Amino acid sequence: MMEYQTAIRGAFFDIARVCDSADAISQHARYLEDGLLFIQHGKILAQMPWQEGEQYLDPHKGYTDLRGRLLLPGFVDTHIHYPQTEMIGAFGEQLLEWLTTYTFPVESQFADEAYAKEIAEFFINQLVSNGTTTALVFCTLHPESVEALFTEALRLNMRLIAGKVMMDRHAPDYLSEDAKQSYRQTRALIQRWHHRGRLGYAITPRFAPTSSPELLAAVSLLREEFPDTWLQTHLSENPNEVAWVSDLWPEHERYLDVYHHYGLTGERSVFAHAIHLHHSEWQCLHDTGSAVAFCPTSNLFLGSGLFRLPACWQHRVRMGIGTDVGAGTTFSMLRTLGEAYKVGQLQSYRLRASEAFYHATLGGAHALRLDDKIGNFAAGKEADFVVIDPDVTPLQRLRNRRCQDIYEQLFVLMTLGDERNISETWVNGERVWST
Ligand code: XAN
Numbered sequence: 003m004m005e006y007q008t009a010i011r012g013a014f015f016d017i018a019r020v021c022d023s024a025d026a027i028s029q030h031a032r033y034l035e036d037g038l039l040f041i042q043h044g045k046i047l048a049q050m051p052w053q054e055g056e057q058y059l060d061p062h063k064g065y066t067d068l069r070g071r072l073l074l075p076g077f078v079d080t081h082i083h084y085p086q087t088e089m090i091g092a093f094g095e096q097l098l099e100w101l102t103t104y105t106f107p108v109e110s111q112f113a114d115e116a117y118a119k120e121i122a123e124f125f126i127n128q129l130v131s132n133g134t135t136t137a138l139v140f141c142t143l144h145p146e147s148v149e150a151l152f153t154e155a156l157r158l159n160m161r162l163i164a165g166k167v168m169m170d171r172h173a174p175d176y177l178s179e180d181a182k183q184s185y186r187q188t189r190a191l192i193q194r195w196h197h198r199g200r201l202g203y204a205i206t207p208r209f210a211p212t213s214s215p216e217l218l219a220a221v222s223l224l225r226e227e228f229p230d231t232w233l234q235t236h237l238s239e240n241p242n243e244v245a246w247v248s249d250l251w252p253e254h255e256r257y258l259d260v261y262h263h264y265g266l267t268g269e270r271s272v273f274a275h276a277i278h279l280h281h282s283e284w285q286c287l288h289d290t291g292s293a294v295a296f297c298p299t300s301n302l303f304l305g306s307g308l309f310r311l312p313a314c315w316q317h318r319v320r321m322g323i324g325t326d327v328g329a330g331t332t333f334s335m336l337r338t339l340g341e342a343y344k345v346g347q348l349q350s351y352r353l354r355a356s357e358a359f360y361h362a363t364l365g366g367a368h369a370l371r372l373d374d375k376i377g378n379f380a381a382g383k384e385a386d387f388v389v390i391d392p393d394v395t396p397l398q399r400l401r402n403r404r405c406q407d408i409y410e411q412l413f414v415l416m417t418l419g420d421e422r423n424i425s426e427t428w429v430n431g432e433r434v435w436s437t
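Residue numbers (my numbering): 3 to 437.
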């Protein structure tokens with residue numbers, strides 16, 4: 003017998019270890035068709051084949067029988083804006099016009115605590131009902147927006163990282179602050195929330211065009227004061243944005259050089275998009291151990307460009323997937339992976355199912371430097387996982403009849419799947435959502 007709180011029987015898929023190529027992912031993919039997962043104190047105690055595990059079952063406790071379902075590690079969303087939930091699918095613009103026409107007006111509403119609370123609760127519910135158990139999240143420049151999000155995430159004991167947007171120029175007056183105030187407010191929020199429960203704080207300068215040199219210097223200071231916080235920002239998403247950065251910062255040769263100059267690159271830095279990069283920028287990302295977030299639905303929706311997954315592997319830059327709601331068009335990691343596959347196809351890159359699910363789980367955890375805590379079913383990891391019903395729609399049932407193996411089944415899931423396939427989501431060893 004084993005001392006455990008919960009035991010679950012079902013089929014399990016994960017990737018055993020962090021990998022540096024798509025081939026390595028295929029080698030380290032694990033499928034356990036009939037397995038047992040033991041959970042104790044929010045962590046994975048052990049995972050083993052049913053025949054081996056049956057002897058450890060406590061007859062008084064028994065087990066939860068999820069046969070017919072597929073259990074995957076919880077999805078990790080490495081780039082998302084919770085205040086943009088209400089404006090998802092705003093029509094007809096590319097990045098810079100989209101920001102001024104739709105985004106800034108919606109974000110201004112987060113000065114209102116009650117509104118922030120309403121959207122934060124809705125947002126966290128969207129995450130878990132889509133199987134996302136960890137996310138790196140942009141709030142707005144209002145501290146109220148951070149309070150509301152962390153309060154709700156703490157209630158579910160989620161591993162969530164977020165931060166207040168910092169911006170002090172090229173934004174409407176109602177959404178601007180000065181660098182000193184931004185520094186003070188961010189500092190206070192870090193002290194209040196970083197490492198509370200499973201939460202983490204990300205210092206969040208929006209992007210270079212809305213940052214003065216003083217603001218980036220303040221960010222730099224915060225990074226020195228709080229070296230184990232994260233940093234998140236945007237990088238080279240849209241050609242007009244890249245041109246604007248070179249006008250604003252003529253002393254720096256490339257976009258990433260601006261961030262690098264202020265010490266914003268590094269092991270806990272995540273740059274969203276990273277589409278229009280020069281070879282030297284890829285090299286800098288690699289040399290500094292920085293990570294990027296690939297946001298396929300957003301990049302297609304805003305017509306930003308095609309993320310170069312092969313270049314990312316070549317330069318050995320850590321990468322995670324981002325839904326990037328509200329420029330992204332879905333909270334569903336499954337749909338997002340389906341679009342990532344199509345972005346690959348347009349560049350003659352074949353994104354295999356094992357690779358796609360790696361990026362959505364352990365690879366994303368690695369991008370956030372959380373791979374020692376989450377991302378697969380290894381003993382000792384936190385018990386964040388998702389229970390998938392692969393056969394929800396008539397079309398899926400018909401299509402799945404032809405599947406030869408788990409890889410084809412996973413591929414069909416990322417091609418046809420969405421939130422309807424998520425039947426349960428578990429966070430820290432507890433079921434927090436079910437259909
Ligand atoms: N750059 C951005 N890109 C994006 O997709 N969403 C944003 O809110 C944003 N701000 C700067």
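C-beta atoms are modelled at their ideal positions from N, C-alpha and C, and glycine is treated no differently.
Treat the numbers as computed from the prediction; the structure is a model and nothing was measured.
Determine the contact status of residue i and residue j, defining contact as a CB-CB distance below 9 Å.
{"i": "G265", "j": "E227", "result": "no"}
{"i": "L279", "j": "R320", "result": "no"}
{"i": "G324", "j": "A274", "result": "yes"}
{"i": "L39", "j": "F379", "result": "yes"}
{"i": "V389", "j": "L72", "result": "yes"}
{"i": "V294", "j": "A276", "result": "yes"}
{"i": "A92", "j": "Y104", "result": "yes"}
{"i": "V148", "j": "L162", "result": "no"}
{"i": "G365", "j": "V20", "result": "yes"}
{"i": "W284", "j": "Q234", "result": "no"}
{"i": "V336", "j": "L400", "result": "In the sequence on display, residue 336 carries Leu and not Val. Their beta carbons are not under 9 Å apart, which means L336 does not touch L400 by this criterion."}
{"i": "L223", "j": "Y257", "result": "no"}
{"i": "V272", "j": "T80", "result": "yes"}
{"i": "V260", "j": "N301", "result": "no"}
{"i": "C141", "j": "T206", "result": "yes"}
{"i": "H144", "j": "F112", "result": "yes"}
{"i": "G64", "j": "A24", "result": "no"}
{"i": "A381", "j": "A48", "result": "yes"}
{"i": "P75", "j": "F333", "result": "no"}
{"i": "S356", "j": "L412", "result": "yes"}
Quick check on the burial criterion: 16 or more other C-beta atoms within 10 angstroms. Buried or exposed for residue i?
{"i": "T299", "result": "buried"}
{"i": "P107", "result": "exposed"}
{"i": "F303", "result": "buried"}
{"i": "Q86", "result": "buried"}
{"i": "N430", "result": "buried"}
{"i": "G70", "result": "exposed"}
{"i": "R404", "result": "exposed"}
{"i": "K383", "result": "buried"}
{"i": "D22", "result": "exposed"}
{"i": "S306", "result": "buried"}
{"i": "S292", "result": "buried"}
{"i": "V423", "result": "The displayed chain sequence assigns Asn, not Val, to residue 423. Buried, because 16 or more other Cβ atoms sit within 10 Å of the Cβ of N423."}
{"i": "M160", "result": "buried"}
{"i": "R352", "result": "exposed"}
{"i": "E239", "result": "buried"}
{"i": "H361", "result": "buried"}
Since residue i is in the beta strand (DSSP E), which residue starts that stretch and which ends it?
{"i": "L34", "result": "31-42"}
{"i": "V294", "result": "293-296"}
{"i": "G438", "result": "Since the first and last residues shown for the chain are 3 and 437, residue 438 lies out of range."}
{"i": "M3", "result": "Note, M3: premise wrong, no beta strand (DSSP E); not H, not E."}
{"i": "S425", "result": "424-429"}
{"i": "H236", "result": "232-237"}
{"i": "E432", "result": "432-436"}
{"i": "L162", "result": "161-165"}
{"i": "P207", "result": "202-207"}
{"i": "G322", "result": "320-323"}
So the alpha helix (DSSP H) residue i belongs to, where does it begin and stop?
{"i": "H443", "result": "The shown model of the chain, from 3 to 437, leaves out residue 443, and the question about it has no answer."}
{"i": "E149", "result": "145-157"}
{"i": "L138", "result": "Element bounds for L138: not the alpha helix (DSSP H) but the beta strand (DSSP E), 134-140."}
{"i": "H275", "result": "Per DSSP, H275 belongs to no alpha helix (DSSP H); it is in the beta strand (DSSP E), 271-275."}
{"i": "V260", "result": "257-263"}
{"i": "P215", "result": "215-227"}
{"i": "H172", "result": "Unbroken run through H172: none, as it is neither H nor E."}
{"i": "V244", "result": "241-250"}
{"i": "Y185", "result": "181-195"}
{"i": "T290", "result": "281-290"}
{"i": "A313", "result": "311-316"}
Pick out the complete beta strand (DSSP E) segments inside the segment 47-132, 3 residues or longer, and give them in chain order. 66-75, 77-83
Count the CB pairs spanning the segment 210-220 and the segment 146-158 that are closer than 8 Å, and state whether there are at least three. no
Three CB pairs or more closer than 8 Å across the segment 334-344 and the segment 49-56: no
Evaluate the contact criterion for the segment 129-142 versus the segment 88-105: three or more CB pairs, one atom per stretch, below 8 Å. no
Below 8 Å, can you find three or more Cβ-Cβ pairs linking the segment 187-204 to the segment 153-172? yes
Any contact of the segment 164-180 with the segment 114-123, i.e. 3+ C-beta pairs under 8 Å? no
At 4 residues or longer, and completely inside the segment 330-418: list those alpha helix (DSSP H) runs for me, N to C. 335-347, 355-362, 364-369, 396-402, 408-418
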